[in-house]
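A short write-up of the structure that comes next.
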Amino acid sequence: MLQTLNRIVLMTVVAMTTASCFAQDHPGADNFARQAAEEHELDEAEVLELLRNARFKQSIVDAISRPAEGKPWYQYRPIFITPERIEGGVAFWRENEERVAAAAEKFGVDAEYIVSIIGVETYYGRITGNYRVLDALATLSFHYPDTGNDRSGFFSSELMNFILLGQEEGLPLQDVTGSYAGAMGLGQFMPSSYRAYAVDLDGDGRRDLWSSLDDVIGSVANYLHVHGWAYGEPVVAPLEAGPEADGSLVARRNFKPAHTVAELSAAGYRTDDVLAADAMGAVVRLDEEEAQSFWLAFNNFYVITRYNRSPLYAMAVHELSQAIREGMGR
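In case it helps, mature numbering (1 follows the signal peptide of the UniProt record, and there is no 0) puts the sequence shown at residues -23 to -1, 1 to 307.
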(Lines of atoms letter the chains of each structure in order from A and count residues from 1; the text may use other names and numbers.)
(Lines give C-alpha, C1' and ligand atoms only; values in the text may rest on other atoms or scores of the structure.)
Protein backbone atom coordinates (compact mmCIF):
# COMPACT_ATOMS: atom_id res chain seq x y z
CA MET A 1 0.00 0.00 0.00
CA LEU A 2 2.80 2.38 0.98
CA GLN A 3 4.70 1.53 -2.20
CA THR A 4 1.58 2.20 -4.30
CA LEU A 5 1.05 5.55 -2.56
CA ASN A 6 4.68 6.48 -3.06
CA ARG A 7 4.35 5.62 -6.74
CA ILE A 8 1.26 7.82 -7.07
CA VAL A 9 3.00 10.70 -5.29
CA LEU A 10 6.06 10.28 -7.51
CA MET A 11 3.96 10.25 -10.69
CA THR A 12 2.11 13.37 -9.52
CA VAL A 13 5.38 15.17 -8.78
CA VAL A 14 6.79 14.18 -12.18
CA ALA A 15 3.65 15.42 -13.95
CA MET A 16 3.71 18.70 -12.02
CA THR A 17 7.43 19.11 -12.69
CA THR A 18 6.94 18.43 -16.42
CA ALA A 19 4.15 21.00 -16.63
CA SER A 20 6.23 23.48 -14.64
CA CYS A 21 9.30 22.94 -16.84
CA PHE A 22 7.14 23.29 -19.94
CA ALA A 23 5.75 26.61 -18.70
CA GLN A 24 9.29 27.77 -17.97
CA ASP A 25 10.58 26.49 -21.31
CA HIS A 26 7.82 28.21 -23.28
CA PRO A 27 6.34 31.14 -21.33
CA GLY A 28 3.08 32.14 -22.94
CA ALA A 29 2.32 28.70 -24.34
CA ASP A 30 -0.82 28.31 -22.23
CA ASN A 31 -2.21 31.61 -23.50
CA PHE A 32 -1.29 30.66 -27.06
CA ALA A 33 -3.17 27.36 -26.82
CA ARG A 34 -6.17 29.12 -25.31
CA GLN A 35 -6.14 31.66 -28.15
CA ALA A 36 -5.96 28.84 -30.70
CA ALA A 37 -9.06 27.29 -29.19
CA GLU A 38 -11.01 30.54 -28.91
CA GLU A 39 -10.14 32.08 -32.28
CA HIS A 40 -9.71 29.03 -34.50
CA GLU A 41 -11.68 26.30 -32.73
CA LEU A 42 -8.56 24.17 -32.33
CA ASP A 43 -8.32 21.63 -29.54
CA GLU A 44 -6.47 23.40 -26.70
CA ALA A 45 -5.02 20.17 -25.30
CA GLU A 46 -3.75 19.09 -28.73
CA VAL A 47 -2.07 22.45 -29.28
CA LEU A 48 -0.36 22.20 -25.88
CA GLU A 49 0.75 18.67 -26.68
CA LEU A 50 2.25 19.89 -29.95
CA LEU A 51 4.09 22.69 -28.15
CA ARG A 52 5.45 20.21 -25.61
CA ASN A 53 7.31 18.66 -28.52
CA ALA A 54 8.82 22.00 -29.55
CA ARG A 55 12.44 22.48 -28.53
CA PHE A 56 14.17 25.76 -27.72
CA LYS A 57 17.18 26.24 -30.01
CA GLN A 58 19.88 28.73 -29.05
CA SER A 59 21.26 28.54 -32.60
CA ILE A 60 17.96 29.99 -33.86
CA VAL A 61 18.20 32.90 -31.43
CA ASP A 62 21.79 33.48 -32.53
CA ALA A 63 20.87 33.39 -36.23
CA ILE A 64 17.96 35.83 -35.95
CA SER A 65 20.27 38.23 -34.10
CA ARG A 66 22.70 38.49 -37.03
CA PRO A 67 20.80 38.23 -40.35
CA ALA A 68 22.70 38.51 -43.63
CA GLU A 69 20.67 41.62 -44.45
CA GLY A 70 22.58 43.41 -41.69
CA LYS A 71 25.69 43.43 -43.89
CA PRO A 72 26.57 46.33 -46.22
CA TRP A 73 25.78 45.77 -49.89
CA TYR A 74 29.40 45.13 -50.90
CA GLN A 75 29.52 42.19 -48.47
CA TYR A 76 25.97 40.97 -49.12
CA ARG A 77 26.21 40.93 -52.92
CA PRO A 78 28.99 38.30 -53.23
CA ILE A 79 26.88 35.81 -51.26
CA PHE A 80 24.39 35.56 -54.14
CA ILE A 81 25.97 36.98 -57.29
CA THR A 82 28.45 34.21 -58.09
CA PRO A 83 29.26 32.31 -61.29
CA GLU A 84 27.98 29.11 -59.66
CA ARG A 85 24.61 30.59 -58.73
CA ILE A 86 24.23 32.18 -62.15
CA GLU A 87 25.05 28.89 -63.89
CA GLY A 88 22.71 27.09 -61.51
CA GLY A 89 19.93 29.48 -62.47
CA VAL A 90 20.49 28.90 -66.17
CA ALA A 91 20.43 25.13 -65.61
CA PHE A 92 17.28 25.33 -63.45
CA TRP A 93 15.49 27.44 -66.05
CA ARG A 94 16.46 25.12 -68.92
CA GLU A 95 15.39 22.03 -66.97
CA ASN A 96 12.05 23.64 -66.12
CA GLU A 97 11.51 25.80 -69.19
CA GLU A 98 7.90 24.76 -69.78
CA ARG A 99 6.97 25.16 -66.10
CA VAL A 100 8.59 28.59 -65.86
CA ALA A 101 6.99 29.76 -69.11
CA ALA A 102 3.55 28.54 -68.03
CA ALA A 103 3.76 30.30 -64.66
CA ALA A 104 5.16 33.49 -66.18
CA GLU A 105 2.29 33.63 -68.67
CA LYS A 106 -0.44 32.66 -66.19
CA PHE A 107 0.56 35.23 -63.57
CA GLY A 108 2.11 37.94 -65.76
CA VAL A 109 5.55 37.84 -64.14
CA ASP A 110 8.93 38.04 -65.89
CA ALA A 111 10.42 34.54 -65.89
CA GLU A 112 13.94 35.51 -64.84
CA TYR A 113 12.67 36.94 -61.55
CA ILE A 114 10.84 33.73 -60.68
CA VAL A 115 14.04 31.75 -61.21
CA SER A 116 16.18 34.31 -59.40
CA ILE A 117 14.05 34.31 -56.25
CA ILE A 118 14.31 30.52 -56.01
CA GLY A 119 18.06 30.90 -56.53
CA VAL A 120 18.50 33.50 -53.80
CA GLU A 121 16.18 31.73 -51.37
CA THR A 122 17.43 28.14 -51.58
CA TYR A 123 20.07 27.87 -54.32
CA TYR A 124 17.41 26.23 -56.53
CA GLY A 125 16.40 23.80 -53.82
CA ARG A 126 19.84 22.80 -52.55
CA ILE A 127 19.50 24.62 -49.21
CA THR A 128 15.96 24.59 -47.83
CA GLY A 129 16.91 24.57 -44.13
CA ASN A 130 17.30 21.76 -41.61
CA TYR A 131 15.56 23.24 -38.57
CA ARG A 132 12.24 21.81 -37.52
CA VAL A 133 9.79 24.60 -38.31
CA LEU A 134 7.98 23.85 -35.05
CA ASP A 135 11.19 24.49 -33.10
CA ALA A 136 11.98 27.65 -35.06
CA LEU A 137 8.58 29.26 -34.64
CA ALA A 138 8.17 28.24 -30.99
CA THR A 139 11.64 29.54 -30.14
CA LEU A 140 11.00 32.89 -31.82
CA SER A 141 7.46 33.17 -30.44
CA PHE A 142 8.33 32.51 -26.81
CA HIS A 143 12.06 33.38 -26.61
CA TYR A 144 12.67 36.24 -29.03
CA PRO A 145 16.04 37.85 -28.24
CA ASP A 146 16.40 41.38 -26.91
CA THR A 147 17.50 43.08 -30.13
CA GLY A 148 15.54 46.29 -29.65
CA ASN A 149 13.00 45.10 -32.22
CA ASP A 150 10.68 42.56 -30.61
CA ARG A 151 9.12 40.45 -33.37
CA SER A 152 7.73 37.74 -31.11
CA GLY A 153 4.18 38.75 -32.04
CA PHE A 154 4.93 38.18 -35.72
CA PHE A 155 6.35 34.73 -35.05
CA SER A 156 3.49 33.84 -32.74
CA SER A 157 1.12 34.63 -35.60
CA GLU A 158 3.24 32.49 -37.92
CA LEU A 159 3.17 29.62 -35.41
CA MET A 160 -0.62 29.80 -35.40
CA ASN A 161 -0.65 29.83 -39.20
CA PHE A 162 1.70 26.86 -39.23
CA ILE A 163 -0.72 24.82 -37.14
CA LEU A 164 -3.63 25.85 -39.36
CA LEU A 165 -1.57 25.04 -42.46
CA GLY A 166 -0.93 21.59 -41.06
CA GLN A 167 -4.65 20.98 -40.87
CA GLU A 168 -5.32 22.34 -44.36
CA GLU A 169 -2.49 20.55 -46.16
CA GLY A 170 -2.10 17.46 -43.98
CA LEU A 171 1.49 18.34 -43.06
CA PRO A 172 3.24 16.32 -40.33
CA LEU A 173 4.00 19.36 -38.16
CA GLN A 174 6.68 17.67 -36.05
CA ASP A 175 8.65 16.66 -39.15
CA VAL A 176 8.48 19.75 -41.39
CA THR A 177 11.88 21.42 -41.78
CA GLY A 178 12.84 24.87 -42.96
CA SER A 179 14.95 27.91 -42.16
CA TYR A 180 15.84 29.26 -38.72
CA ALA A 181 12.95 31.72 -39.18
CA GLY A 182 10.43 29.03 -40.10
CA ALA A 183 10.37 29.58 -43.88
CA MET A 184 9.57 26.50 -45.94
CA GLY A 185 10.17 24.90 -49.31
CA LEU A 186 12.14 25.99 -52.36
CA GLY A 187 10.58 29.45 -52.25
CA GLN A 188 10.96 29.78 -48.45
CA PHE A 189 7.36 30.71 -47.72
CA MET A 190 6.41 31.63 -44.18
CA PRO A 191 3.26 29.80 -43.01
CA SER A 192 0.96 32.81 -43.54
CA SER A 193 2.33 33.30 -47.07
CA TYR A 194 2.02 29.58 -47.77
CA ARG A 195 -1.66 29.70 -46.79
CA ALA A 196 -2.35 32.89 -48.75
CA TYR A 197 -0.26 32.60 -51.93
CA ALA A 198 0.81 29.00 -52.57
CA VAL A 199 -0.93 27.42 -55.57
CA ASP A 200 -1.60 23.88 -56.75
CA LEU A 201 -0.34 24.28 -60.29
CA ASP A 202 0.13 20.57 -61.00
CA GLY A 203 -3.50 19.89 -60.08
CA ASP A 204 -2.90 17.03 -57.65
CA GLY A 205 -5.01 18.59 -54.90
CA ARG A 206 -2.03 19.64 -52.75
CA ARG A 207 0.08 22.77 -52.59
CA ASP A 208 3.51 21.17 -52.30
CA LEU A 209 6.40 23.63 -52.05
CA TRP A 210 9.04 20.93 -51.58
CA SER A 211 8.51 18.26 -54.23
CA SER A 212 6.28 19.80 -56.91
CA LEU A 213 8.28 22.17 -59.09
CA ASP A 214 5.03 23.25 -60.77
CA ASP A 215 3.67 24.36 -57.40
CA VAL A 216 6.97 25.97 -56.34
CA ILE A 217 7.40 28.00 -59.53
CA GLY A 218 3.73 28.89 -59.71
CA SER A 219 3.59 29.97 -56.07
CA VAL A 220 6.56 32.34 -56.41
CA ALA A 221 4.96 33.82 -59.53
CA ASN A 222 1.59 34.15 -57.82
CA TYR A 223 3.17 35.92 -54.84
CA LEU A 224 4.68 38.56 -57.11
CA HIS A 225 1.46 38.82 -59.13
CA VAL A 226 -0.77 39.39 -56.10
CA HIS A 227 1.56 42.11 -54.83
CA GLY A 228 1.36 44.05 -58.07
CA TRP A 229 4.10 42.91 -60.43
CA ALA A 230 3.97 44.66 -63.82
CA TYR A 231 5.26 42.43 -66.62
CA GLY A 232 8.07 43.90 -68.70
CA GLU A 233 8.38 47.01 -66.56
CA PRO A 234 11.78 48.07 -65.13
CA VAL A 235 12.91 47.30 -61.60
CA VAL A 236 15.67 49.87 -61.04
CA ALA A 237 17.63 52.52 -62.90
CA PRO A 238 20.99 53.96 -61.83
CA LEU A 239 20.94 57.42 -60.28
CA GLU A 240 23.64 60.00 -59.90
CA ALA A 241 23.41 62.04 -56.72
CA GLY A 242 24.89 65.48 -57.11
CA PRO A 243 26.55 67.35 -54.22
CA GLU A 244 23.28 69.21 -53.67
CA ALA A 245 21.13 66.03 -53.63
CA ASP A 246 18.50 65.96 -50.89
CA GLY A 247 19.46 63.03 -48.65
CA SER A 248 16.09 63.09 -46.89
CA LEU A 249 14.53 61.56 -50.02
CA VAL A 250 16.49 58.30 -49.61
CA ALA A 251 14.06 55.50 -48.73
CA ARG A 252 14.93 53.58 -45.58
CA ARG A 253 12.07 51.23 -44.74
CA ASN A 254 9.34 51.72 -47.30
CA PHE A 255 10.43 51.39 -50.93
CA LYS A 256 7.10 52.16 -52.52
CA PRO A 257 7.59 54.74 -55.30
CA ALA A 258 6.94 58.15 -53.77
CA HIS A 259 8.65 60.71 -56.01
CA THR A 260 8.47 61.60 -59.70
CA VAL A 261 11.55 61.79 -61.88
CA ALA A 262 10.93 65.53 -62.19
CA GLU A 263 10.85 65.95 -58.40
CA LEU A 264 14.06 63.97 -57.99
CA SER A 265 15.77 65.95 -60.72
CA ALA A 266 14.89 69.17 -58.90
CA ALA A 267 16.27 67.62 -55.69
CA GLY A 268 19.69 66.90 -57.20
CA TYR A 269 19.31 63.37 -58.61
CA ARG A 270 20.02 62.54 -62.26
CA THR A 271 19.58 59.46 -64.43
CA ASP A 272 20.79 58.72 -67.95
CA ASP A 273 17.83 56.41 -68.57
CA VAL A 274 15.08 57.89 -70.72
CA LEU A 275 12.15 58.18 -68.32
CA ALA A 276 8.92 60.13 -68.33
CA ALA A 277 8.99 63.15 -66.03
CA ASP A 278 6.00 61.77 -64.11
CA ALA A 279 7.47 58.27 -63.69
CA MET A 280 7.44 57.32 -60.01
CA GLY A 281 10.25 55.79 -58.01
CA ALA A 282 12.01 55.57 -54.67
CA VAL A 283 15.63 56.50 -54.02
CA VAL A 284 17.71 53.54 -52.83
CA ARG A 285 21.23 54.04 -51.47
CA LEU A 286 23.64 51.11 -51.27
CA ASP A 287 27.00 50.97 -49.51
CA GLU A 288 29.74 50.02 -51.94
CA GLU A 289 33.24 49.25 -50.70
CA GLU A 290 34.63 52.74 -51.27
CA ALA A 291 31.55 54.86 -51.97
CA GLN A 292 27.78 54.72 -52.24
CA SER A 293 25.59 53.97 -55.23
CA PHE A 294 22.13 55.39 -55.80
CA TRP A 295 19.24 53.77 -57.62
CA LEU A 296 15.78 54.74 -58.73
CA ALA A 297 13.56 51.86 -57.61
CA PHE A 298 10.28 51.33 -59.44
CA ASN A 299 7.16 49.50 -58.35
CA ASN A 300 8.53 46.07 -59.31
CA PHE A 301 11.41 46.65 -56.87
CA TYR A 302 8.84 47.43 -54.19
CA VAL A 303 7.02 44.20 -55.06
CA ILE A 304 10.21 42.19 -54.48
CA THR A 305 10.49 43.82 -51.05
CA ARG A 306 7.08 42.34 -50.23
CA TYR A 307 8.80 38.95 -50.51
CA ASN A 308 11.67 40.12 -48.30
CA ARG A 309 11.70 43.68 -46.97
CA SER A 310 15.43 44.23 -47.40
CA PRO A 311 16.54 46.45 -50.31
CA LEU A 312 19.72 44.36 -50.42
CA TYR A 313 17.62 41.27 -51.08
CA ALA A 314 15.64 43.01 -53.82
CA MET A 315 18.80 44.23 -55.52
CA ALA A 316 20.40 40.78 -55.32
CA VAL A 317 17.29 39.24 -56.90
CA HIS A 318 17.42 41.85 -59.66
CA GLU A 319 21.12 41.45 -60.44
CA LEU A 320 20.95 37.66 -60.37
CA SER A 321 17.89 37.69 -62.64
CA GLN A 322 19.69 39.79 -65.24
CA ALA A 323 22.77 37.56 -65.18
CA ILE A 324 20.62 34.43 -65.56
CA ARG A 325 18.65 36.01 -68.40
CA GLU A 326 21.88 36.88 -70.18
CA GLY A 327 23.10 33.32 -69.63
CA MET A 328 19.93 32.07 -71.33
CA GLY A 329 20.71 34.32 -74.31
CA ARG A 330 17.54 36.39 -73.91
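Beta carbons: idealized from backbone N, C-alpha and C, even for Gly. Bear in mind the structure is a predicted one, so any value in this text is a computation, not a measurement.
Sequence-distant partners of E217 (beyond 5 residues in either direction) whose C-beta falls short of 6 angstroms from its own C-beta, in its chain, are R247. The three-state reading of DSSP puts W50 in helix, counting H, G and I together.
Around the beta-carbon of S36, fewer than 16 other beta-carbon atoms lie within 10 Å, marking it exposed. CA-to-CA, the gap between P122 and E46 works out to about 17 angstroms. With fewer than 16 other beta carbons inside 10 angstroms of its own, D255 counts as exposed. For S225, the three-state secondary structure derived from DSSP is helix. By a beta-carbon distance limit of 8 angstroms, G159 does not contact F131. Their separation comes to about 10 angstroms.
Minimum Cα-Cα distance from K233 among the listed residues S270, A243, V251, V260 corresponds to V260.
In this structure, the beta-carbon distance from G85 to R62 does not fall below 8 angstroms. Spanning the alpha carbons of S298 and A207 requires a straight line of approximately 16 angstroms. N277 sits buried, since 16 or more C-beta atoms from the chains shown fall within 10 Å of its C-beta.
The continuous alpha helix (DSSP H) containing E145 extends over residues 129 to 146. When the alpha-carbon of P220 is set against those of Q269, A175, S133, D112, the nearest one is in Q269.
Among the bridge pairs identified by DSSP, M257 is matched with T237.
Contact check for L201 against Y90 passes: the beta carbons are separated by less than 8 angstroms. Residues A291, V294 of the same chain have their beta carbon placed closer than 6 angstroms to that of I281, with the five preceding and five following residues left out of the count. Taking C-beta separations shorter than 6 angstroms and ignoring five residues to either side along the sequence, the partners of A274 in its chain run V213, F232, G258, A259, V261, following chain order. Shortest Cα-Cα distance from R54 to any of E296, N73, L28 involves E296.
Residue environment analysis places I56 among the exposed positions, since fewer than 16 neighbouring C-beta atoms fall within 10 angstroms of its C-beta. Unbroken beta strand (DSSP E) stretches of 3 residues or longer found wholly inside the segment 176 to 226: 213 to 218, given in chain order.
At the C-beta level, A173 and D192 stay beyond 8 angstroms of one another. Put simply, the backbone Cα of L19 is about 13 angstroms away from that of N8.
Listed in chain order, the alpha helix (DSSP H) elements of length 4 or more contained wholly in the segment 83 to 120 are 88 to 99, 110 to 119. Ranked by Cα distance from G180, the options G195, P168, S169 are led by G195.
Under DSSP, the beta-bridge partners assigned to A274 are V213, A259.
In the three-state scheme derived from DSSP, where H, G and I count as helix and E and B as strand, F166 is classed as strand.
In this structure, V110 places its C-beta atom within 8 angstroms of the C-beta atom of T154. Residue burial annotation: Q165 is buried, with at least 16 other C-beta atoms found within 10 angstroms of its C-beta.
By the CB criterion at 8 angstroms, W272 and P215 fall inside the cutoff. By the neighbour-count criterion, in which 16 or more other beta carbons inside 10 Å mark a residue as buried, E98 falls on the buried side.
Setting aside the 5 residues that flank it on each side, S133 is surrounded in the same chain by F9, S118, each with a C-beta closer than 7 angstroms to its C-beta; the list follows chain order. Contact annotation, N73 with Q151: C-beta distance approximately 31 angstroms; criterion of less than 8 angstroms not satisfied. I94 counts as buried, since at least 16 other C-beta atoms from the protein chains shown sit within 10 angstroms of its C-beta. Looking at the backbone, the Cα of I41 and that of A198 are separated by about 27 angstroms.
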